[in-house]
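One structure below.
Protein chains: 2
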Amino acid sequence: MELVKIYECLCDRTRLRLLNVLAQGPLCVCHFQSILREPQVKISKHLAYLRARGLVRCERQGNWMVYELPAKPTRELQANLACLQDCAQDNPVFRRDLAQLKKLAPEKAVAAVCDERSCTCNAPRRVRRAVSGTS
Amino acid sequence: MELVKIYECLCDRTRLRLLNVLAQGPLCVCHFQSILREPQVKISKHLAYLRARGLVRCERQGNWMVYELPAKPTRELQANLACLQDCAQDNPVFRRDLAQLKKLAPEKAVAAVCDERSCTCNAPRRVRRAVSGTS
DNA sequence: AATCTATATTCCTACCATGGAATATAGTTC
DNA sequence: GAACTATATTCCATGGTAGGAATATAGATT
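What follows is the structure, given as structure tokens:
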């Protein structure tokens, strides 16, 4: 039963948040990181989980991987994503995520990829490197 | 997030079948057994799982436990049960289960409890007993 | 080619769920 | 009250999943 696979994807809080944000349009991984404020491994793994089960697709754009919902979802997937959208209305977590999304890309409704040069998502790594240079 | 709990309940094939049948009305455990053709432990455990998470209620009637969907489900639960109903339309397993249900209770759309005397759900046990009596 | 950046994968640990066999429990009937 | 019926619970083994730390990879930049 394919339906079970869908529900398996939906029964994790992080994955629900990812899908909720993705419903607004394609997005790259580091934006997910800063919107959900979750570590890179976690985001990446859950996206892989969703990808393995056909709930999302992804495409490379330079350094960035852009994730998106499938163009032609199953009837079952479509119904459940709509249901999720519906349920997300009231939920403070989901609403906050969408607010964060708008902050990252205020001009267009949807943020696709980070700025050309460097995105600020992984700030900590740059800091660590600067420190090591002082020795 | 309560929504996750709902999806956790939905991500098992047996539980989906139980909920699909329950959408037609209250039902006792042994009817579930014969409709799904699954062993008693399995049915009972999954019903307990659903009960612990508030997806079903139950009430004793003599020897029988009658399970039913909650009278006033959450908005979220309501939405997801409706979505499940929608998805179940096409699914052969779900359809077969409903057909079995109608066979058990053709007169009324909904079967509540087994016959007064003895229900035929647990036939194997009676056989075993007969055998032991021959010694 | 060396370095950097964004993302993925591997390894590990802890936990939770599933399923079946056996057993317990709570009503019912005789 | 003893036997029976419907259902629940316990015990056990197995497998899947989540999360983090460390590491790998692929493309970009210098």
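Order-wise, the sequence lines are chains S and W. Mapping to our numbering: the first sequence position 87 is 87, numbers consecutive. Mapping to our numbering: the second sequence position 93 is 1093, numbers consecutive. Even glycine gets a Cβ: it sits at the ideal position worked out from N, Cα and C.
Beta-carbon of Asp97/S versus every beta-carbon of chain W: anything under 9 Å?
Counting from 1 along the first sequence, the entry for residue 97/S is found at position 97. Taking Cβ atoms only, chain W never reaches closer than 9 Å to Asp97/S, which makes this a no.
What number of angstroms, rounded off, separates the C-alpha of Ala48/S from the C-alpha of Gln1040/W?
On the first sequence, position 48 is the one that residue 48/S refers to. On the second sequence, position 40 is the one that residue 1040/W refers to. Roughly 37 Å between the two C-alpha positions.
Chain W beta carbons: is any one of them nearer than 9 Å to that of Leu101/S?
Translated into positions along the first sequence, residue 101/S becomes position 101. So no, Leu101/S is outside the interface.
Comparing alpha-carbon positions, which option in Asp12/S, Arg15/S, Leu10/S, Cys28/S lies nearest Leu104/S?
Within the first sequence, the letter at position 104 stands for residue 104/S. Looking at the Cα atoms, Cys28/S is the closest of the given residues.
Is it buried or exposed, Glu1002/W, if we count other Cβ atoms within 10 angstroms and call 16 or more buried?
Along the second sequence, one-based indexing puts residue 1002/W at 2. Its Cβ having fewer than 16 others within 10 Å, Glu1002/W is exposed.
May I ask which residues mark the beginning and end of the alpha helix (DSSP H) holding Arg57/S?
Locating residue 57/S in the first sequence gives position 57, where the first residue counts as 1. That residue, Arg57/S, is in no alpha helix (DSSP H); its beta strand (DSSP E) goes 57-61.
Does Glu68/S come within less than 9 Å of chain W when only Cβ atoms are used?
For the purposes of this step, residue 68/S is identified with residue 68 of the first sequence, where counting begins at 1. Chain W contact via Cβ: absent.
Terminal residues of the continuous alpha helix (DSSP H) containing Glu76/S?
Taking the first sequence and counting its residues from 1, one reaches residue 76/S at position 76. Start and end: 75-88.
Less than 9 Å between CB atoms is the rule here; does Leu1050/W satisfy it with respect to chain S?
As a position in the second sequence, residue 1050/W is number 50, starting the count at 1. Taking Cβ atoms only, chain S never reaches closer than 9 Å to Leu1050/W, which makes this a no.
Would you list the one or two residues that DSSP bridges to Tyr7/S?
Position 7 of the first sequence holds residue 7/S. Answer by DSSP bridge pairing: none, since Tyr7/S is not bridged.
Tell me, which residues are paired with Met65/S by DSSP?
Residue mapping note: residue 65/S aligns to position 65 of the first sequence, counting from 1. Arg60/S.
Return the residue from the list Leu1036/W, Arg1051/W, Leu1010/W that minimises the CA-CA distance to Leu1081/W.
Along the second sequence, one-based indexing puts residue 1081/W at 81. The shortest C-alpha separation from Leu1081/W is found at Leu1010/W.
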